[in-house]
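What follows is a single structure, written as structure tokens, with notes after it.
Residue numbers (this note's numbering), protein chains in the order written: chain B, 6 to 833; chain G, 1102 to 1401.
As structure tokens, then:
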């Protein structure tokens, strides 16, 4: 080993490491840069995001070069981690029950009670089962001698295991030839253990315990991590609105019924979980959750008070507590730490301030650790005052110089400090760890602080499989046992169902907008300068229809001010309708709404969905940069293909359950509405025969029914009135997937998944009215009548959609907190 | 004077009602209303009535030993009422403050810190700052002037309630539940809750555990006037831990120690731990009207 402190140099210590070194060297700088590009593309295709910036999700940052941990090294580290997990669990148990550590002064009470994680209303809420800390996580750094040290513990609601999995999926593909050649531990089994481990915290129940993952929603910083975890565990994500407390029990609101929840795996910080007993201003939790957990009708994991262990001030006391509670010496070291609540330690910290890293005992949203060495005299003085005012809030820690790892940049490799986050879960009395974990390297050089917020990059961590293959992780019997039980799957939440419905509607709207733009631009190309020809008349008619169908005004519509000028120079408007994401009704707008609806329910959608959505948004974003040079028909065609691919995924890959049903219902409802609107604004008005023929053809192209139409006309099927036949084909033909009747019948099929008599009746009534339309009659006699019928039809469809929303997607009323604060007393 | 320390019985009726401009569909509540038992007080009868009738009422003890009630209402309603009706027997012995003068404030803090028989959690909870009890610079300065380290403890306790009584105006509406102590120190005005928080802060600033006590006090109408129904009020005062005499209750709003006219409901770090009634409602309503009526009726 040449350098214990450099991850790349360390590789030479093991055979697998040397193999990796050789393979990386063989790639060379260009090969690595290619892998870096591959990784970035895959991040976008998989939709892996972390946090948001200006409302948009920010891509996860991954460096292609993995970290490698040898089998022996990992086995050793794992033992230390398991001991630390047992220790933290024993300490939390003690703090929730006897508080022996405090009574016997093994730990100063101020350090615990003064920590914001010590939530008084929940200070006696215990989990059933043998562990109070089902999930553990720690951040570690490699010290100068090559051994790992714990810098901080994450016990509130550990995040990142999903990112580790996502990072693995990407790096293992980007470096597949290397990855496959090495005997490496897999990550998937850990999530099976997590699922089983969670169940052991369940309250007594006759049924299989129902777990939900409590999330703040798709705007959470770690929304992707939560969604992937939900997918891997098979537990639904639930936001505040999806849950309610009734009769002291927690329920998941699903379409049609309530589903009792036994276990809440919370990804919301404890203080925000219950506006009744914790933060009154929180709208992220469920009022009454603490009371229910206290009564034992629901288990909250990690328990509300687990955050109290996220405290660097505990470090100096852990060795003593380990001896007292476990009868063991602490295995994993930490950098030496002083808690300032202790007078002698305070003294030490104040006199060595310029050499220490100063951390508050609880990490705040904005308070980053202070690195004494980076502060000037004024900064040190200010910090000294801050500490002296409330010493018990502060700790000082020896600065850690983490090991470095190479990062691929366009200008070659650079070395960055490395932090490893590990993940453990309790199952059957023992703690099990994700092999490796998630490694992060600083985004900037010379930074001692490695956080995702500070722009860190993730690295995959490869743990070598031990030669003696006896992994304690998976119990082969366990998944089978679970599968047999999974009969009562909870249905979608109203919010989830609504998001799928709207994803369906926006994808259909995007597709139709793309088709319209394609057809209309084609007409413009041919006819713009040929004023007073039937072709020009047809072009204008379709421009008007474009504005009416997309409802983007002012546009080309009869009542739009400035429409006449726009009709003489329509391309700028068409380009806006194609690429402007801020223009409500444009293709780019619809695509964006479709993507955000998909992100609301990313845990139930396939990875392929996000790949297609990403390619669509990239296509439109690139088209936008082309300005006036953009080729509208080209872009619209590609966008249409993306929409068709999404529709294909829905049709070919989704189980016919409520997920499929609401997506399908949205698509069918949208298609029915758009088709009616298109027909009303085109063929329901009379024109000269030649212009009408051209408009008819354009409409049929938008409705993707031109070839069928031509074949039918050629075979002499139908009435022989061209426009009437087109309307029949798009409105009433039961065999045409583009017709309104067909769409409504499929809507009925989809809605049957969650039956509701009133909605069904309303849809059937529309079908009956449709079937009563005699298109021949309309076209021979009175088109005005047809126009009116279409207008009514559109209004009816909108009413049915409103009814679907009110029935299936209804959210809970707004909630607010009150406190009777009228304590005035009296003075005599 | 000594009759103020004899045995007394009271009936306390405390009615809280909210009316809303639109229906409330669901209401979750937490009441901290049942008087706790203590060495000075025995609960004889207690009835808590909630309208509309809750689906569930669950009584528990909090970390401080107070009785709290959790309830859920799932009936649409535009009026919500909680009535507490308790009968208590009270007997507060007279505290000999001069006996406490054997300790200075600093001695007392030191002695308590070293006392291994005390529950360290309780001591820490009542010594650290809390939501409504900030230990900011102005608060510390006020404390050091009112009850300096070297001052004999008995004198200090008396000095503190006198200082607050004479230095601050009792003004309803001068503060809100979100006012800070620093603000109170500037305006020099407030109600019992503010004075109790300030006294708690002073003791804590000097290292003495102190808690906020919520309850009621018997009031007498001005001479020649009839007492009006519902004219009493909820009250708040402070209790400080002393070596020797244990917890000593003092009322900075009324310039003396607690006596048999004081009825305790609950105690905690500050108002937030023992607010008599709080909750979360689900509604489209934007306005609510609160009415509170308290009667403290002597029974003997």
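For glycine and all other residues, C-beta sits at the position ideal for the given N, C-alpha and C.
Computed from a predicted model, the values in this text were never measured in an experiment.
Which two residues bound the contiguous alpha helix (DSSP H) that contains residue i?
i: residue 581/B; result: 576-584
i: residue 197/B; result: 193-204
i: residue 700/B; result: 694-707
i: residue 185/B; result: 181-186
i: residue 364/B; result: Segment 361-365 is the beta strand (DSSP E) holding residue 364/B; no alpha helix (DSSP H) there.
i: residue 12/B; result: 12-15
i: residue 1152/G; result: Unbroken run through residue 1152/G is the beta strand (DSSP E), 1142-1152; no alpha helix (DSSP H).
i: residue 674/B; result: 663-685
State the DSSP-derived secondary structure class of residue i, mapped to helix, strand or coil.
i: residue 1392/G; result: strand
i: residue 417/B; result: strand
i: residue 492/B; result: Interpretation of residue 492/B is limited by its pLDDT of 49, a score under 50 that renders its predicted location unreliable; the figure taken from the coordinates is listed afterwards. It is coil, neither helix nor strand.
i: residue 654/B; result: helix
i: residue 591/B; result: coil
i: residue 558/B; result: coil
i: residue 722/B; result: coil
i: residue 615/B; result: helix
i: residue 309/B; result: helix
i: residue 108/B; result: helix
i: residue 464/B; result: strand
i: residue 377/B; result: helix
i: residue 66/B; result: coil
i: residue 484/B; result: The pLDDT assigned to residue 484/B is 43, lower than 50, so where the model puts this residue is not dependable, and the model offers no usable value.
i: residue 1241/G; result: helix
i: residue 828/B; result: coil
i: residue 140/B; result: strand
i: residue 645/B; result: helix
From which residue to which residue does the beta strand (DSSP E) around residue i run?
i: residue 402/B; result: 399-403
i: residue 217/B; result: 216-219
i: residue 1178/G; result: 1178-1191
i: residue 1118/G; result: 1109-1132
i: residue 1339/G; result: 1335-1343
i: residue 341/B; result: From DSSP, residue 341/B is part of no beta strand (DSSP E); its letter is neither H nor E.
Given residue i, which residues of its chain have a CB within under 7 Å of its CB, disregarding the five upstream and five downstream residues?
i: residue 492/B; result: Any reading at residue 492/B needs caution, since the residue's pLDDT is 49, under 50, leaving its predicted position unreliable; the model's value is listed next. There are no such residues.
i: residue 1288/G; result: 1275
i: residue 728/B; result: 688, 697, 701, 784
i: residue 1401/G; result: 1109, 1110
Grab me the residues of residue i's own chain with a C-beta within less than 6 Å of its C-beta, minus the 5 sequence neighbours each way, in chain order.
i: residue 1348/G; result: 1340, 1342
i: residue 1195/G; result: 1106
i: residue 669/B; result: 755
i: residue 672/B; result: 509, 513
i: residue 780/B; result: 729, 732, 733
Between residue i and the ligand ADP, is there a pair consisting of the residue's CB and a ligand heavy atom that are separated by less than 8 Å?
i: residue 386/B; result: As far as ligands go, the structure on display features none, and thus does not contain the ligand ADP.
What does a CB cutoff of less than 8 Å around residue i pick up in its chain, not counting 5 residues either side in sequence?
i: residue 790/B; result: 783
i: residue 122/B; result: 161, 275, 310, 311, 312, 313, 314, 315, 316, 367
i: residue 22/B; result: 15, 16, 73, 75
i: residue 1260/G; result: 1247, 1248, 1252
i: residue 811/B; result: none
Along chain C, in chain order, which residues have C-beta atoms closer than 8 Å to that of residue i?
i: residue 252/B; result: In summary, chain C is missing from the structure at hand, where the protein chains are B and G.
Identify each residue in the stretch 817-828 of chain B for which the Cβ-Cβ distance to at least one residue of chain G is less than 8 Å, and report them in chain order.
Cβ contacts with chain G come from 817, 818, 819, 820, 821, 822, 823, 824, 825, 826, 827, 828.
Counting only Cβ-Cβ distances shorter than 8 Å, please list the residues of the stretch 271-300 of chain B near chain G, keeping chain order.
Those would be 280, 281, 282, 285, 292, 293, 296, 299, 300, in chain order.
Would you call the stretch 299-310 of chain B and the stretch 256-264 of chain B touching, i.e. three or more CB-CB distances under 8 Å?
Taking a contact to require three or more Cβ pairs closer than 8 Å, the stretch 299-310 of chain B and the stretch 256-264 of chain B do not qualify as touching.
Where the stretch 532-549 of chain B meets chain G: residues whose CB sits under 8 Å from a CB there
Residues: none.
When you compare the stretch 432-443 of chain B with the stretch 189-209 of chain B, are there three or more beta-carbon pairs, one atom per stretch, that lie closer than 8 Å?
Result yes; three or more Cβ-Cβ pairs closer than 8 Å.
Can you list, in chain order, the residues of the stretch 1170-1196 of chain G whose Cβ is nearer than 8 Å to any Cβ on chain B?
Shown in chain order are the members of the stretch 1170-1196 of chain G whose Cβ falls below 8 Å from a Cβ of chain B: 1171, 1173, 1175.
Contact between the stretch 237-248 of chain B and the stretch 212-222 of chain B (3+ Cβ pairs under 8 Å)
A contact exists between the stretch 237-248 of chain B and the stretch 212-222 of chain B.
Closer than 9 Å between beta carbons: that is the criterion. Which residues of the stretch 1206-1226 of chain G meet it against chain B?
When C-beta distances to chain B are compared with 9 Å, the residues of the stretch 1206-1226 of chain G below that value are 1217, 1220, 1221, 1222, 1223, 1224, 1225, 1226, in chain order.
Relative to chain B, which residues along the stretch 1377-1398 of chain G have a C-beta separation below 8 Å, given in chain order?
When CB distances to chain B are screened at a threshold of 8 Å, the residues of the stretch 1377-1398 of chain G falling below it are 1377, 1378, 1379, 1380, 1381, 1382, 1383, 1384, 1385, 1389, 1391, 1393, in chain order.
At a Cβ cut of 7 Å, what residues of the stretch 1268-1297 of chain G count as close to chain B, listed as they run along the chain?
For the stretch 1268-1297 of chain G, the residues whose beta carbon sits under 7 Å from a beta carbon of chain B are, in order, 1271, 1273, 1278, 1292, 1293, 1294.
Closer than 7 Å, Cβ to Cβ, to anything on chain G: give me those residues from the stretch 193-221 of chain B, in chain order.
So the list is empty, because no residue satisfies the distance condition.
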